[in-house]
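Student:
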Amino acid sequence: MPDPRFKILTSASTSGPGDAGRTGSWRVERPVIDMSRCIPAKTGKHACHLCWLLCPDNVVSKDIEPEIDLEYCKGCGICAEECPVQAIEMVPDADFIEGAERE
Amino acid sequence: MKMAAKTTVLNLTEEEFVHPGNRACSGCGLSILYRIGVKALGRDCIFVVPPSCLTVMQGLYPIAATQMPVLNGTFASTAAIATGVKAAMRRLGRATQVVAWAGDGGTSDIGIQALSGALERGEDIIYICYDNEAYMNTGVQRSGTTPQGSLTTTTPFSGKSEVGKNLPAIIAAHNPAYLATCSASYPLDFHDKLLKAKQIKGLKYLHVQTPCPPGWGIEEHMTVALGRAAVETGLFDLYEIEDGCLQLTGPSQQLLGKACLRPVREYLEMQVRFKACSDEQAAALQAQVDQRWAGYRDKFK
Numbered sequence: 017m018p019d020p021r022f023k024i025l026t027s028a029s030t031s032g033p034g035d036a037g038r039t040g041s042w043r044v045e046r047p048v049i050d051m052s053r054c055i056p057a058k059t060g061k062h063a064c065h066l067c068w069l070l071c072p073d074n075v076v077s078k079d080i081e082p083e084i085d086l087e088y089c090k091g092c093g094i095c096a097e098e099c100p101v102q103a104i105e106m107v108p109d110a111d112f113i114e115g116a117e118r119e
Numbered sequence: 148m149k150m151a152a153k154t155t156v157l158n159l160t161e162e163e164f165v166h167p168g169n170r171a172c173s174g175c176g177l178s179i180l181y182r183i184g185v186k187a188l189g190r191d192c193i194f195v196v197p198p199s200c201l202t203v204m205q206g207l208y209p210i211a212a213t214q215m216p217v218l219n220g221t222f223a224s225t226a227a228i229a230t231g232v233k234a235a236m237r238r239l240g241r242a243t244q245v246v247a248w249a250g251d252g253g254t255s256d257i258g259i260q261a262l263s264g265a266l267e268r269g270e271d272i273i274y275i276c277y278d279n280e281a282y283m284n285t286g287v288q289r290s291g292t293t294p295q296g297s298l299t300t301t302t303p304f305s306g307k308s309e310v311g312k313n314l315p316a317i318i319a320a321h322n323p324a325y326l327a328t329c330s331a332s333y334p335l336d337f338h339d340k341l342l343k344a345k346q347i348k349g350l351k352y353l354h355v356q357t358p359c360p361p362g363w364g365i366e367e368h369m370t371v372a373l374g375r376a377a378v379e380t381g382l383f384d385l386y387e388i389e390d391g392c393l394q395l396t397g398p399s400q401q402l403l404g405k406a407c408l409r410p411v412r413e414y415l416e417m418q419v420r421f422k423a424c425s426d427e428q429a430a431a432l433q434a435q436v437d438q439r440w441a442g443y444r445d446k447f448k
């Protein structure tokens, strides 16, 4: 039987996403993938997947057509910078706000 | 020791152990490393982490960003705590891997005595130092490994005047079971070196250069490109030392075949922290790199 005094000192966090909240709100520009250029989407085979490998926040999926989880994407743009065929473009997030007027 | 089969993007496991939505900065080099590194270590491991960016990334109670158990310790005792955890695991008869993962301040400045002791005792742990070349977590103060000429908040005008410590060389002088240097820009290389380290008994030390966008003054999307520039200019070499024998690995080994490397100036100009770096300092650095690589070419050709 463990000493109850030490039990108080134990911190047991549960593992889960989002302890900093929805980090997607940090983003200024969002990555948009052009599927006609993206290597796995174009060839229909698993290949390249550099965006998945180099994403710091694990929001890009390793699928034939990669998907980006915009809820948590911090918008760093590493995927766009490292894409060998420049299939990813960083687009200002404000363009996607409905009803917002832009000059 | 035989080199294990190379991991590629395609056969790297899809299982993720780190959750999104953590507190790491946007474009963090450590996040890439940590995400890919944990894939190599697998579920059966315990992390020992001193105060560092990694503690921040793990997050606050009650949510943690990792699925592995993490023990947060004090700065000075990382390797000592890891020793204790390993001893407990041995007593319980478990083969659990104990991994100490500290920053450069926690390794080269504050934690070096505990690490030196553990190295001397030959403890069976993996020690990973992610080197972002300053105390980034507390707001970019100069550390032992900060390179000469680098601007930090404690060397704000003319940059650090002293030369940074060559930490891997200090560790190599202890004759560890395995020593390797890696870069955050080559996560697969790091993954393979960790797989190798897992098979070896004794203290395994991995030194990883980790670009830090806010601390180094680079744009967030340049993290990987900058780390690659550091390797391609020859400033940061990727090598491993086994049984006292140094061997260049991966991208650095490929550089041996090239007649001339990218100029160091290119790497310095990419970062705001080297804005105060004088031409003489840059030239001296270039001469140092050239000399080192001439030595490598003599040795390995």
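Protein sequences appear in the order of chains B and D.
Heads up: the first sequence begins at 17 in this note's numbering, then just goes up one per residue.
Heads up: the second sequence begins at 148 in this note's numbering, then just goes up one per residue.
Backbone N, C-alpha and C fix where the C-beta goes; we use that ideal spot for every residue, glycine too.
In three-state terms, what does DSSP make of residue 266(D)?
Tutor: Note: residue 266(D) maps to helix in three-state DSSP.
Student: Consult DSSP for residue 148(D) and reduce its assignment to one of helix, strand or coil.
Tutor: Reliability of the predicted coordinates at residue 148(D) is poor, the pLDDT of 44 falling under 50, and the value obtained from them is presented with this limitation in mind. Of the three classes helix, strand and coil, the one that applies to residue 148(D) here is coil, per DSSP.
Student: Could you pull out every unbroken beta strand (DSSP E) segment of at least 3 residues lying fully inside the segment 82-115 of chain B, listed in chain order?
Tutor: As far as the segment 82-115 of chain B is concerned, its whole beta strand (DSSP E) runs of at least 3 residues are 104-108.
Student: List, in order along the chain, the chain B residues whose C-beta lies closer than 8 Å to that of residue 189(D)?
Tutor: Near residue 189(D) there are no residues of chain B at all, since even the closest Cβ is about 15 Å away, more than 8 Å.
Student: Helix or strand or just coil, what does DSSP make of residue 342(D)?
Tutor: Helix at residue 342(D).
Student: Can you pull the chain D neighbours of residue 96(B), defined as C-beta to C-beta under 8 Å?
Tutor: Going along chain D in sequence order, the residues near residue 96(B) (Cβ under 8 Å) are 368.
Student: Find the nearest neighbour of residue 190(D) within the set 210(D), 258(D), 214(D), 248(D), judged by alpha-carbon distance.
Tutor: Measuring from the Cα of residue 190(D), the nearest candidate turns out to be 214(D).
Student: With 9 Å as the C-beta to C-beta threshold (strictly closer), list the residues of the segment 46-72 of chain B near chain D in chain order.
Tutor: Within the segment 46-72 of chain B, the residues whose Cβ lies closer than 9 Å to some Cβ of chain D are 62, 63, 64, 65, 66, 68, 69, 70, 71, 72, listed in chain order.
Student: Determine the chain D residues that contact residue 110(B) at a beta-carbon separation under 7 Å, and present them in chain order.
Tutor: The premise fails here: residue 110(B) is roughly 17 Å from chain D at the closest Cβ pair, so nothing lies under 7 Å.
Student: Return no unless some Cβ of chain D is closer than 8 Å to the Cβ of residue 115(B).
Tutor: No, its Cβ sits nowhere closer than 8 Å to a Cβ of chain D.
Student: Please report the straight-line C-alpha distance between residue 107(B) and residue 358(D), rounded to a whole angstrom.
Tutor: One C-alpha to the other measures close to 25 Å.
Student: Enumerated in chain order, which unbroken segments of the alpha helix (DSSP H) with a length of 4 residues or greater are wholly contained in the segment 194-270 of chain D?
Tutor: DSSP runs (the alpha helix (DSSP H)) wholly in the segment 194-270 of chain D: 200-205, 225-239, 259-268.
Student: Would you say residue 387(D) and residue 320(D) are within 8 Å of each other, going by their C-beta atoms?
Tutor: Not a contact, by the Cβ cut-off of 8 Å.
Student: At 8 Å on the CB atoms, spell out the chain B contacts of residue 246(D), in chain order.
Tutor: Chain B residues near residue 246(D): none, gap ~17 Å exceeds 8 Å.
Student: On a CA-only basis, which of 76(B), 46(B), 80(B) is nearest residue 58(B)? Give me that one, please.
Tutor: The shortest C-alpha separation from residue 58(B) is found at 80(B).
Student: How would you list, in chain order, the residues of chain B whose beta-carbon sits under 7 Å from the beta-carbon of residue 136(D)?
Tutor: This structure leaves residue 136(D) out entirely; chain D is present only between 148 and 448.
Student: Does the segment 63-78 of chain B come close enough to the segment 91-100 of chain B that 3 or more CB-CB pairs lie under 8 Å?
Tutor: The answer is yes - the segment 63-78 of chain B touches the segment 91-100 of chain B, with three or more Cβ pairs under 8 Å.
Student: Got a sec: is the Cβ-Cβ distance from residue 156(D) to anything in chain B below 8 Å?
Tutor: Closer than 8 Å to some Cβ of chain B, the Cβ of residue 156(D) qualifies, so yes.
Student: Listing by chain order, which chain B residues have their CB less than 7 Å from the CB of residue 161(D)?
Tutor: Correct list: 78.
Student: Is there a Cβ from chain B that is less than 8 Å from the Cβ of residue 354(D)?
Tutor: Answer no: the Cβ-Cβ gap between residue 354(D) and chain B never drops below 8 Å.
Student: Inspect the beta-carbon positions of residue 38(B) and residue 88(B) and report whether they are closer than 8 Å.
Tutor: Taking 8 Å as the Cβ cut-off, residue 38(B) and residue 88(B) qualify as a contacting pair.
Student: Enumerated in chain order, which unbroken segments of the beta strand (DSSP E) with a length of 3 residues or greater are wholly contained in the segment 336-421 of chain D?
Tutor: Qualifying beta strand (DSSP E) stretches, in chain order: 351-356, 386-389, 392-395.
Student: On the premise that residue 360(D) lies in contact with residue 174(D), defined as a C-beta separation below 8 Å, what is that separation, rounded to the nearest angstrom?
Tutor: Indeed they touch by this definition, with Cβ atoms about 5 Å apart.
Student: What does the alpha-carbon distance come out to for the pair residue 396(D) and residue 36(B)?
Tutor: Distance between the alpha carbons of residue 396(D) and residue 36(B) is about 37 Å.
Student: Should residue 445(D) go down as buried or exposed, given a rule of 16 or more other Cβ atoms within 10 Å for buried?
Tutor: Exposed: under 16 other Cβ atoms inside 10 Å.
Student: Since residue 254(D) and residue 314(D) should fall inside the 8 Å C-beta cutoff, what is the C-beta to C-beta distance between them, to a whole number of angstroms?
Tutor: Going by Cβ atoms, the distance from residue 254(D) to residue 314(D) rounds to 7 Å, so yes, they are a contact pair.
Student: Taking the alpha carbon of residue 335(D) as the reference point, which residue from 163(D), 171(D), 184(D) has its own alpha carbon closest?
Tutor: If we check each option's Cα against that of residue 335(D), 184(D) comes out closest.
Student: Of all the options 56(B), 102(B), 115(B), which has the alpha carbon lying nearest to the alpha carbon of residue 82(B)?
Tutor: Nearest option by C-alpha distance: 56(B).
Student: Buried or exposed: where does residue 153(D) fall if 16 or more other Cβ atoms within 10 Å of its Cβ makes it buried?
Tutor: So residue 153(D) counts as exposed.
Student: Taking C-beta to C-beta, are residue 66(B) and residue 156(D) nearer than 8 Å?
Tutor: The answer is yes: Cβ separation under 8 Å.
Student: Would you tell me roughly how many angstroms separate the C-alpha atoms of residue 391(D) and residue 33(B), rounded to the nearest one?
Tutor: The alpha-carbon atoms of residue 391(D) and residue 33(B) are separated by roughly 43 Å.
Student: Excluding the five sequence neighbours on either side, which residues of its own chain have a C-beta within less than 8 Å of the C-beta of residue 408(D), listed in chain order?
Tutor: The answer, listed in chain order, is 379, 380, 381, 402, 436, 440.
Student: Between residue 297(D) and residue 286(D), which are expected to be in contact by the criterion C-beta below 8 Å, what is the C-beta distance as a whole number of angstroms?
Tutor: So it is not a contact: roughly 15 Å between Cβ atoms.
Student: Below 8 Å on the Cβ atoms is my guess for residue 355(D) versus residue 278(D); work out the distance and round it to an integer in Å.
Tutor: With 8 Å as the limit, residue 355(D) and residue 278(D) qualify as a contact, their Cβ atoms being about 6 Å apart.
Student: Let me know the alpha helix (DSSP H) ranges lying completely inside the segment 295-324 of chain D, each 4 residues or longer, listed in chain order.
Tutor: Whole alpha helix (DSSP H) segments, 4+ residues: 314-319.
Student: Spell out the partners DSSP gives residue 427(D) in its beta bridges.
Tutor: The partner list for residue 427(D) (beta bridge, DSSP) is empty, contrary to what the question assumes.
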